[in-house]
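K.L.:
Residue numbers (numbering that gives the first Met the number 0): 0 to 98.
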Amino acid sequence: MTTPRHGGDKRGSSYDRRLRKDWLASPEAGFGGDGTVVPCVHCKTLVSGPDLEADRIVPGGSYGFAPPYPNVQPACGPCNKARSDDVTWTYQGTAIVAA
Ligand SMILES: [Zn+2]
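1) Assess contact between the stretch 32 to 46 and the stretch 9 to 19, defined as three or more Cβ pairs (one per stretch) separated by less than 8 Å. Is contact present?
2) So is the beta-carbon of T44 under 7 Å away from any non-hydrogen atom of ligand 1?
3) May I ask you to report which of helix, strand or coil DSSP gives C75?
4) Which value, in whole angstroms, describes the spacing of the CA atoms of T99 and C75?
5) Quick check: does the Cβ of A74 come within less than 7 Å of any heavy atom belonging to ligand 1?
6) Kindly indicate which residue of A28, W22 and V57 has the alpha-carbon position closest to the one of G48.
7) For Y68 and T89, what's the separation of their Cα atoms in angstroms?
8) Answer yes or no: the CB of P49 versus the heavy atoms of ligand 1, is any distance below 7 Å?
9) Going by DSSP, what residue range makes up the beta strand (DSSP E) through D54?
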């Protein structure tokens, strides 16, 4: 018996997203996480839970469907939004300036 997949878009199910974030924060992923909290790869802000976003290294590519995910890195919301699809964006190069 197999369980039918719901959705089917590239982001996968909410269960897939949860697994991805758990992996990003895990020590095994190599991003400096301790299983709960992990630094954003761009600004080094520690993020966890809903603040942790899976930033695709190659925008538009697949996240991958099982760990180790080849195309994701941990990011905070502001960096993930600021970077968007610009692979040349860097936190220091395009600083998020507080008004
Ligand atoms: Zn950040």
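Don't be surprised by glycine CBs; every beta carbon is placed ideally from N, CA and C.
P.N.:
Result, derived from the coordinates:
1) With the cut-off at 8 Å, the stretch 32 to 46 and the stretch 9 to 19 do not touch.
2) T44: yes, Cβ under 7 Å from ligand 1.
3) It is a strand residue.
4) The structure shown has nothing for residue 99, since the chain only spans 0 to 98.
5) Yes.
6) When C-alpha distances from G48 are compared across A28, W22 and V57, the shortest belongs to W22.
7) Approximately 22 Å between the Cα atoms of the pair.
8) Not under cutoff, so the answer is no.
9) From DSSP, the beta strand (DSSP E) with D54 extends over L51 to R55.
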